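Participant: According to the working numbering, the residues represented by the sequence shown are 200 to 449, in order.
What follows is a single structure, and I will ask about it in a moment.
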Amino acid sequence: MKKCISLIVLLIFWVYPGIAQEELPVPRITIGISPVEQPSDLVITLELLLLLTVLALAPSILILFTSFTRIIIVFSFIRNGLGTRQAPPNQVLIGLALFLTFLIMQPVWTEIYEGAIKPYTAGEISYQEMFQKIYEPVKEFMVTELKAHKNEDNVFMLAESAKMEIDKTENAPPSVLIPAFVLGEIEVAFKMGVILYLPFILIDMLVSSILLAMGMIMVPPILISLPFKVLLFVVVNGWDLLVRGLIQSF
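Spelled out as structure tokens, the structure:
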């Protein structure tokens with residue numbers, strides 16, 4: 200049977216030799232630089248490049264200029280304090296932090312849209328003015344947070360390190376104000392984390408002392424204290440208190 204099939208295939212290629220020799224069409228790709236026909240084409244190209252750059256830096260912008268840093272650090276502290284390892288998982292914490300960031304930053308987004316994005320799309324201002332108007336509400340938010348939590352010393356510390364003379368926080372350039380704001384957010388988040396850790400540390404110490412008094416040295420205290428910490432957190436409605444405290448801290 201196999202020999203018959205082989206003979207049939209050979210006869211087909213012998214009768215129609217063009218089938219085996221026919222070449223498949225290959226698409227041709229050419230890369231070149233052509234002169235710009237109109238100045239507006241160059242402007243559109245530069246705007247597209249600028250838009251792609253902003254989209255590529257969007258995660259960094261969201262993390263550095265908003266309340267996301269403080270929220271996600273506090274969430275990490277509360278999960279480590281509970282000792283639940285991957286519960287809630289990272290995806291849930293990051294998603295909740297993002298939506299809380301949108302909620303907290305909504306007045307800033309609205310001001311940016313009304314004062315910068317909307318006039319630019321209507322052709323009333325240039326893209327240079329648009330970026331300036333976008334930065335102004337964000338700058339006001341960062342300065343307000345630095346003053347509210349007494350973290351203005353970060354601005355002067357960075358300015359002194361860079362050998363700049365700054366008399367007021369409002370006069371700080373973005374290269375100084377942005378890292379100062381991020382440092383301030385980290386400091387505030389760590390202060391909140393210490394306060395959140397205290398009740399869980401007390402439970403761990405109490406359970407360890409009881410196990411040591413009972414002579415149960417080989418039993419890990421975390422196995423006994425974990426249900427009590429979770430129960431305490433649920434009884435006091437911990438997630439609601441935590442989220443409310445985070446929102447009110449801005």
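From the three backbone atoms N, C-alpha and C, an ideal C-beta is built for every residue, glycine too.
Since the structure is predicted, the reported quantities are computational estimates derived from the model, not experimental observations.
Express the C-alpha separation of VAL273 and PHE355 in angstroms, rounding to a whole number.
Facilitator: In this structure, the alpha-carbon of PHE355 lies about 26 Å from that of VAL273.
Participant: Figure out for me which residue from ARG269, LEU254 and VAL291 has the closest Cα to the Cα of ILE446.
Facilitator: Taking the Cα of ILE446 as reference, the smallest distance to any Cα among ARG269, LEU254 and VAL291 is reached at ARG269.
Participant: With a threshold of 8 Å, are at least 3 pairs of Cβ atoms found where one atom belongs to the region 290-302 and the other to the region 341-360?
Facilitator: no
Participant: Would you kindly work out how many angstroms separate the C-alpha atoms of THR265 and ILE400, rounded to a whole number?
Facilitator: 31 Å
Participant: What is the DSSP secondary structure of GLU323, reduced to helix, strand or coil?
Facilitator: coil
Participant: Have a look at ILE316 and LEU376 and give me their C-alpha separation to the nearest angstrom.
Facilitator: 23 Å
Participant: Buried or exposed: which applies to ILE333, given that a residue is buried once 16 or more other Cβ atoms fall within 10 Å of its Cβ?
Facilitator: So ILE333 counts as buried.
Participant: Do you know how far the Cα of SER407 is from the Cα of LYS349?
Facilitator: 38 Å
Participant: Measuring only the C-alpha atoms, how far is ILE409 from PRO378?
Facilitator: 46 Å
Participant: Leaving out the 5 sequence neighbours to the left and right, which residues in its chain are closer than 8 Å to GLN220 when beta-carbon positions are compared?
Facilitator: Note that GLN220 scores 47 on pLDDT, short of 50, meaning its location in the model is unreliable and no value can be drawn from it.
Participant: In three-state terms, what does DSSP make of VAL412?
Facilitator: This sequence places Ala at residue 412; Val is not what is there. If DSSP states are grouped into helix, strand and coil, ALA412 belongs with the helices.
Participant: For THR300, does the three-state DSSP call read helix, strand or coil?
Facilitator: helix
Participant: Would you identify the three-state DSSP class for GLN447, choosing helix, strand or coil?
Facilitator: Helix at GLN447.
Participant: Indicate whether PHE267 and ALA286 have their beta-carbon atoms separated by less than 8 Å.
Facilitator: no
Participant: Would DSSP call LEU256 helix, strand or coil?
Facilitator: coil
Participant: Whole angstroms are fine: how far does the CA of LEU247 sit from the CA of ILE230?
Facilitator: Residue confidence is low: ILE230 scores 47 on pLDDT, short of 50, so the model does not pin down where it sits. No coordinate-derived value is stated.
Participant: Going by C-alpha distance, which of PHE449, PHE276 and ARG443 is nearest GLY383?
Facilitator: Restricting attention to PHE449, PHE276 and ARG443, the CA atom closest to the CA of GLY383 is found in PHE449.
Participant: From the DSSP output, in three-state form, read off ILE328 for me.
Facilitator: It is worth fixing the name first, because residue 328 is Glu in this sequence and not Ile. Helix, per DSSP.
Participant: Do the region 353-373 and the region 388-402 touch if we need at least three Cβ pairs shorter than 8 Å?
Facilitator: No: the two stretches stay apart, fewer than three of their Cβ pairs being nearer than 8 Å.
Participant: If I'm right that GLY452 touches LEU425 with Cβ under 8 Å, what's the distance once you round it to whole angstroms?
Facilitator: Nothing in the structure corresponds to residue 452, since the chain is present only between 200 and 449.
Participant: With a 10 Å radius around its C-beta and 16 neighbouring C-beta atoms as the bar for buried, classify PRO336 as buried or exposed.
Facilitator: Under this definition PRO336 is a buried residue.
Participant: What's the gap between the Cα of GLU369 and the Cα of PRO306?
Facilitator: GLU369 and PRO306 have their C-alpha atoms some 20 Å from each other.
Participant: Sorted by chain position, which residues of the same chain lie with C-beta nearer than 6 Å to LEU431's C-beta, five sequence neighbours on each side aside?
Facilitator: none
Participant: Do VAL381 and LEU263 have their CB atoms nearer than 8 Å?
Facilitator: yes
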